[in-house]
Amino acid sequence: MIPKSSPLHQPVSILNGVGQRLADKLARMQIRTIEDLLYTLPHRYEDRRDLRRIAHLRDNQHEIFYGEILASAEVRTRSGRRMWEAVVSDGSGQLTLKWFHYRTSWQQKTWKVGRRGVFRGEVKRFGGRREVLHPEADFLEQGVTVEAFLNRDPLSFGRILPIYPLTEGLHQKTARKIWKEAVDRHADSVATSLPEEITRRHNFAPLAECLKKVHWPENDADLASLQQGRDPWRTALVYDEFFYLELGLLLRKKGVSLEEGIPFKVEHLYTRPLAAMLPYRLTGAQRRVLGEIKQDLMRPHPMHRLVQGDVGSGKTVVALMSALVAIENGCQAAVVAPTEILAEQHYRFFGHWLEQLGLKAVLLSGSLKAAEKKAICRQIAEGEVHLVVGTHAVLEKGVEFRRLGLGIIDEQHRFGVEQRQVLKQKGVNPHILVMTATPIPRSLALTVYGDLSLSVIDELPPGRKPVKTVAYSETQRDRVFSLIKKALDRGEQGYVVFPLVEETEKSDLRAATEAVDELQAVFPGIRIGLLHGRMKGAEKDQIMQAFGSGDIQLLVATTVIEVGIDVANATIMVVEHAERFGLAQLHQLRGRVGRGGKESVCVLIRSRQCSEDGQKRLEVMCTTGDGFKIAEADLEIRGPGDFLGTRQSGLPDFRIANIIRDGRVLEKARQDAAELVRRDDFPEHPRYRSLMMELRLRWGGRLELAAVG
Ligand code: ADP
Ligand code: MG
């Protein structure tokens, strides 16, 4: 553990040459203490171990070489563009240096014929010649030999150079000096607190040594693995970071599982009759997940389980079955959905089946009149209803249950951890089931939802056909219309979706309204409906009902339909300004079609202002329908924080770990932590003392649970 007086907690200004101004600049990068500095690792390296003779320079490599300027002048390219060229030689060969952006006066002053220097840059072959574009240079004074010059600056030459992230006004050379001093003087204060058995098992060097080797690699280090961030030293540091995270999550989970809950009996009083009435058989994956849930429900501790399943995998019926188990045990169940439309749809689904079983469900949404709401709340409190379906309204203060046994949250990604807590407090440690279609890679799911158990529905109901996906530009509208026409001619239905950045943004609403007029002009006689976020709940419900029954053939909508909507006869999804949507959203939208056994298409319309990332997203959508692949691609394009929405996901900010690169290390750290937590003498035994102290230090107040002794 790091004592308070440790130099690691001292401000960066204790370093030589770090004054207030430099400290302010570092603070902009969230670097305030020596520890921050030590844990801000180089983001790449430059190989400056050896100067290469010009004759031996390798194409497409970042090289460093010495030479004398033989010629230097402005020239014109064939297309008439001006450019500066200098030819350098070291006796072994020649090379051209080129600039497209420069100040003539500066070039004339600096790049004089006869000057000698050490140059750096990526060597390219252009025609028959080798060249370096916009080289970096250090010039030698007269009479100074290259050797003498290099020896004078051992921080910059003759080694693998760390390259640090910079901020405005902070130069690489200065950065190097500061980091070097911090590492030389203070890295040794970083103590390893991992149990020795673990460091030995993985062959980890002590953290202090790892820091030194990552900041200042030795000359015989493997440059490629350093560049990729997969060298043994960085790996040990990453492991250390993951290990404490996972340990904390596991202890929190253990704490939850120590709470007393309501053990259910599973007697199939309602689930068996339901299964007999359903028009389909559950898939193997649905049955397996249901089994996992039932196991949890029978334990005397509350369930905290996440069911992950791609859009259309059939999570809703699994939720219904789980709710019925709670109900047959004399408890109530609650289903919370993120939008009114989805809540309505769930109410129709759950309500229908409950009614068949002689049970009672109610809908609690924000758009109820005060008197209606009061009446419903009274029924809930008195235990007259078995199941409550609703939006956030269910979580409000006035809603009290007689005996809540199971809380279900649908589309978890739209809710935060807090909502889960609120739902929990509506009963006496009720079981909690959360469902998400966000196909988070397993490693990430374990991190984000580390205190939940995970069930995955990894199979779609039979007969699903992949949704054919195409990206068209705005100018290819005729093709879009013809696809719509084909679907409608077959008696099928479709969606045309517009992005709505803000619910209040009028221009987008206008776009949707105009689209209705345009489509009506193209397809006279077709029944078109408009659905948008500013409509009242009852209005929305009416439109959705009409679409569900086929009265509306084509539904023009803003993204209010994004989650959960289930109309099997809809076979075409047109997404306008598709590049404005995130991948997860596009995947959700596309999931609205292809729900029956019919061929479906998804048309992504790209606007003229489509960015490069936008283009990439559309390509991903056109090439795969697999939610997991899409999620991984999204992680790559956007990074994990953005993907999940950092605020909601509770995804920790890693100092050095990279969730994509380091997935394996995470897995290992998790296994090791789990193994530790299972031990009988953990965490009481004195040999875990420094580990536990470090854990508490890192987690601060976030480990409120009893299991942490
Ligand atoms: P999601 O997992 O996206 O919430 P839903 O629960 O809405 O998916 O189910 C999608 C569709 O699949 C629904 O129309 C539902 O009736 C249907 N479905 C669910 N399970 C099965 C099954 N085992 N066999 C056939 N269809 C099913
Ligand atoms: Mg759903």
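Using the working numbering, the letters of the sequence shown correspond one by one to residues 31 to 739. Each residue gets a CB set at the ideal place from its N, CA and C atoms; glycine is no exception.
Legend entry - L725 (DSSP reduced to helix, strand or coil): Position 695 of the sequence shown holds residue 725. The answer is helix: DSSP assigns L725 an H, G or I state.
Inset, instruction - Answer yes or no: do L372 and H416 have a C-beta to C-beta separation smaller than 8 Å? - result: Looking up residue 372 in the sequence shown gives position 342. Looking up residue 416 in the sequence shown gives position 386. Contact flag unset, no.
Legend entry - Start and end residues, beta strand (DSSP E) containing A167: If you number the sequence shown from 1, residue 167 lands on position 137. Its beta strand (DSSP E) spans residues 166-170.
Legend entry - Runs of beta strand (DSSP E) wholly within the stretch 373-420 (minimum 3 residues, chain order): 391-394, 417-420
Inset, instruction - Would you mind sorting I595 into buried or exposed? The rule is 16 or more other CB atoms within 10 Å of its CB. - result: As a first step, residue 595 must be located in the sequence shown, where it is residue number 565. With 16 or more Cβ atoms within 10 Å of its Cβ, I595 is classed as buried.
Legend entry - Whole-angstrom distance between D710 and R719, CA atom to CA atom: Here residue 719 is taken as the residue at index 689 of the sequence shown, counted from 1. Here residue 710 is taken as the residue at index 680 of the sequence shown, counted from 1. Distance between the alpha carbons of R719 and D710 is about 15 Å.
Inset, instruction - Using three-state DSSP, classify S652 as helix, strand or coil. - result: What you label residue 652 is simply residue 622 of the sequence shown in a count that begins at 1. The sequence given here has Cys at residue 652, not Ser. Helix, per DSSP.
Legend entry - Cα-Cα separation between V42 and W729, rounded to whole angstroms: Within the sequence shown, the letter at position 12 stands for residue 42. Within the sequence shown, the letter at position 699 stands for residue 729. Rounded to whole angstroms, V42 to W729 spans 23 Å at the Cα level.
Inset, instruction - Enumerate in chain order the residues of its own chain whose CB-to-CB distance from T676 is below 6 Å, with the five nearest sequence positions on each side excluded. - result: The sequence position of residue 676 within the sequence shown is 646, counting from 1. Residue placement at T676 is flagged as unreliable, the pLDDT there being 39, under the threshold of 50; a coordinate-derived value is accordingly withheld.
Inset, instruction - Starting from the Cα of E522, find the closest Cα among E374, Q455, I602 and give me that residue. - result: The residue you call residue 522 lines up with position 492 of the sequence shown. Per the Cα distances, I602.
Legend entry - Given G413 as reference, the closest of R79, V392, G559, E65 once Cα atoms are compared: Position 383 of the sequence shown, counted from the start, is the residue given in the question as residue 413. The shortest C-alpha separation from G413 is found at V392.
Legend entry - With 16 other Cβ atoms within 10 Å as the buried cut-off, status of K454: Counting from one through the sequence shown, the residue named residue 454 turns up at place 424. Result: buried.
Legend entry - Where T175 falls: helix, strand or coil (DSSP): Your numbering for residue 175 matches position 145 in the sequence shown. Note: T175 maps to coil in three-state DSSP.
Legend entry - Separation of T346 from V319, as counted between CA atoms: Here residue 319 corresponds to residue number 289 of the sequence shown, with the count starting at 1. Here residue 346 corresponds to residue number 316 of the sequence shown, with the count starting at 1. Their Cα atoms are separated by approximately 12 Å.
Inset, instruction - Check each candidate in E76, F130, P262 and name the one with the smallest Cα separation from G188. - result: Here the question's residue 188 lines up with position 158 in the sequence shown. Comparing Cα positions, the closest option is E76.
Legend entry - Member of A576, V486, G555, E489 whose CA lies at the smallest distance from the CA of K515: As a first step, residue 515 must be located in the sequence shown, where it is residue number 485. Comparing Cα-Cα distances from K515 to each of A576, V486, G555, E489, the minimum goes to G555.
Inset, instruction - Out of E426, D80, R408, state which residue places its alpha-carbon closest to the alpha-carbon of L180. - result: In the sequence shown, residue 180 corresponds to position 150, counting from 1. Closest option to L180, Cα to Cα, is D80.
Inset, instruction - Could you tell me if M722 is buried or exposed, where buried requires 16 or more neighbouring beta carbons within 10 angstroms of its beta carbon? - result: Walking along the sequence shown from the start, residue 722 turns up at place 692. When all chains shown are included, M722 counts as buried.
Inset, instruction - Tell me whether T505 counts as near the ligand ADP, meaning its Cβ is closer than 7 Å to at least one heavy atom of that ligand. - result: Stepping through the sequence shown from its first residue, residue 505 is reached at position 475. T505 Cβ: outside cutoff for every heavy atom of the ligand ADP.
Inset, instruction - Report the rounded CA-to-CA distance for R317 versus K324, giving the unit in angstroms. - result: As a position in the sequence shown, residue 317 is number 287, starting the count at 1. As a position in the sequence shown, residue 324 is number 294, starting the count at 1. Each residue's Cα considered, the two are about 10 Å apart.
Inset, instruction - Whole angstroms is fine: what's the gap from G157's alpha carbon to Y96's? - result: Taking the first residue of the sequence shown as 1, we reach residue 157 at position 127. Taking the first residue of the sequence shown as 1, we reach residue 96 at position 66. Looking at the two C-alpha atoms, the distance is approximately 23 Å.
Inset, instruction - Return yes when the Cβ of I292 is within less than 8 Å of the Cβ of V365, no when it is not. - result: On the sequence shown, residue 365 is found 335 positions in, with the first residue counted as 1. On the sequence shown, residue 292 is found 262 positions in, with the first residue counted as 1. Taking 8 Å as the Cβ cut-off, V365 and I292 do not qualify as a contacting pair.
Legend entry - Cβ shell of V48 (< 8 Å), same chain only, five flanking positions each side left out: In the sequence shown, counting from the first residue as 1, residue 48 sits at position 18. Counting only Cβ-Cβ distances below 8 Å, and skipping sequence neighbours, we find V42, L56, I208.
Inset, instruction - Counting only the same chain and skipping the five closest in sequence on each side, list residues whose C-beta sits under 6 Å from that of K390. - result: For this step, residue 390 is matched to residue 360 along the sequence shown. Closer than 6 Å at the Cβ level, and outside the excluded window around K390, lie V415, H416.
Legend entry - Simplified DSSP state of H461, which is helix, strand or coil: Walking along the sequence shown from the start, residue 461 turns up at place 431. Reduced to three states, the DSSP call for H461 is strand.
Legend entry - Distance cut-off 7 Å: A467 Cβ against heavy atoms of the ligand ADP: As a first step, residue 467 is located in the sequence shown; it is residue number 437 there, counting from the start. Yes, since a heavy atom of the ligand ADP falls inside the 7 Å radius drawn around the Cβ of A467.
Legend entry - Contact belief for G621 with G342 at Cβ below 8 Å, rounded distance in angstroms: If you number the sequence shown from 1, residue 621 lands on position 591. If you number the sequence shown from 1, residue 342 lands on position 312. The pair is a contact, with the Cβ atoms about 5 Å apart (cut-off 8 Å).
Legend entry - Pairwise C-alpha distance: A167 and R610: Position 580 of the sequence shown, counted from the start, is the residue given in the question as residue 610. Position 137 of the sequence shown, counted from the start, is the residue given in the question as residue 167. Rounded to the nearest angstrom, the two C-alpha atoms are 43 Å apart.
Inset, instruction - Can you grab the Cα-Cα spacing for the pair L549 / L279, in whole Å? - result: For the purposes of this step, residue 549 is taken as residue 519 along the sequence shown, with counting starting at 1. For the purposes of this step, residue 279 is taken as residue 249 along the sequence shown, with counting starting at 1. The alpha-carbon atoms of L549 and L279 are separated by roughly 52 Å.
Inset, instruction - Consider the C-beta atom of T653 and the heavy atoms of the ligand MG; say whether any pair is separated by less than 7 Å. - result: As a working mapping, residue 653 is identified with position 623 in the sequence shown. No, since every heavy atom of the ligand MG falls outside the 7 Å radius drawn around the Cβ of T653.
Legend entry - Contact check, L480 vs K283, beta carbons under 8 Å: Working through the sequence shown from its first residue, we reach residue 480 at position 450. Working through the sequence shown from its first residue, we reach residue 283 at position 253. Note on identity: in this sequence residue 480 is Gly, with Leu being the wrong assignment. Closer than 8 Å, so yes.
Inset, instruction - Confirm the yes/no value for this check: CB of V366, any heavy atom of the ligand ADP, distance under 7 Å. - result: On the sequence shown, residue 366 is found 336 positions in, with the first residue counted as 1. Not under cutoff, so the answer is no.
Inset, instruction - Give the range of the alpha helix (DSSP H) segment to which K243 is assigned. - result: Translated into positions along the sequence shown, residue 243 becomes position 213. That run of the alpha helix (DSSP H) goes 237-245.
Inset, instruction - Could you have a look at R106 and say whether DSSP puts it in helix, strand or coil? - result: What you label residue 106 is simply residue 76 of the sequence shown in a count that begins at 1. Strand, per DSSP.
Inset, instruction - Return yes when the Cβ of F130 is within less than 8 Å of the Cβ of R146, no when it is not. - result: What you label residue 146 is simply residue 116 of the sequence shown in a count that begins at 1. What you label residue 130 is simply residue 100 of the sequence shown in a count that begins at 1. Not in contact: R146 and F130 (Cβ atoms no closer than 8 Å).
Inset, instruction - Consult DSSP for L674 and reduce its assignment to one of helix, strand or coil. - result: Position 644 of the sequence shown, counted from the start, is the residue given in the question as residue 674. Model confidence at L674 stands at a pLDDT of 48, short of 50, so the residue's coordinates are unreliable; what they give is reported in the following sentence. Helix at L674.
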